[in-house]
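Trainee: Numbering (this note's numbering), first residue to last: 634 to 819.
(1) Excluding sequence positions up to five away, which residues of its chain have a Cβ less than 7 Å from the Cβ of residue 724?
(2) Residues in the same chain with beta-carbon distance under 7 Å from residue 817, minus the five sequence neighbours each way, listed in chain order, please.
(3) Using three-state DSSP, classify residue 723 as helix, strand or coil.
(4) Would you list the residues sitting across from residue 753 in a DSSP beta bridge?
(5) From residue 755 to residue 807, what distance separates their C-alpha atoms?
(6) Is it buried or exposed, residue 742, if we count other Cβ atoms within 10 angstroms and call 16 or more buried?
(7) Since residue 741 sits in a beta bridge, which residues does DSSP pair it with?
(8) Looking at the structure shown, is residue 771 part of a helix, part of a strand, or coil, going by DSSP?
(9) Please say whether residue 773 and residue 792 have beta carbons closer to each other than 8 Å?
(10) How about residue 820 and residue 737: are their beta carbons less than 8 Å apart?
(11) Out of 670, 662, 728, which has the shortest C-alpha to C-alpha gap to residue 809?
(12) Tell me where the beta strand (DSSP E) around residue 681 begins and ends.
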């Protein structure tokens, strides 16, 4: 929990420090988990902050991105069949349990890139790490390719977010989310 509060404080401090700078963006996102993530989460939402400070070539902007992405946990039903040692005398036993998976989240820390395809449309990606805010889920690799549509100082985005992490007691998992978001450009 201390990591979460410290990260939020640093992100807010950076936001207020950079708010007078051109290139700062802040917004929200909503998404639907797919694949492994859909087994334990029903919905994703979060906050995004990015600061673009370098233009290595015309139409390309590079910067940093952070924020918080929250997954709403859902119950998972598991059924286990215990075979009987004497099937003719005692039938197999079936046990069904419902396990509640709590909410969990990540704080991404990434390099962000965006390329303009004209005045209104952009493509981009964020690459970095996602710091887990829940015990039992490890920090992992973070990637988020996206497309955007600029409307004045606002950008509407469609994205595919992936976080490759390990949930303790399982093999590596990739949490994939399909979503939409919006960012205001300061």
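Built from N, CA and C at the ideal position, the CB exists for glycine as well. A quick note: this is a predicted structure, and the numbers were derived from the prediction, not measured.
Mentor: Based on what the coordinates show:
(1) Cβ within range, chain order: 717.
(2) So the list reads 658, 659, 660, 786, 787, once near-sequence residues are dropped.
(3) If DSSP states are grouped into helix, strand and coil, residue 723 belongs with coil.
(4) Under DSSP, residue 753 shares a beta bridge with no residue.
(5) Taking the straight line from one Cα to the other gives about 26 Å.
(6) Buried, by the Cβ-count rule.
(7) Under DSSP, residue 741 forms a beta bridge with 763.
(8) Here residue 771 sits in coil by DSSP.
(9) No Cβ-Cβ contact shorter than 8 Å links residue 792 with residue 773.
(10) There is simply no residue 820 to check, as the chain begins at 634 and stops at 819 in what is shown.
(11) Checked all of 670, 662, 728; the closest Cα to residue 809 is 670.
(12) Residue 681 -> beta strand (DSSP E) spans 674-690.
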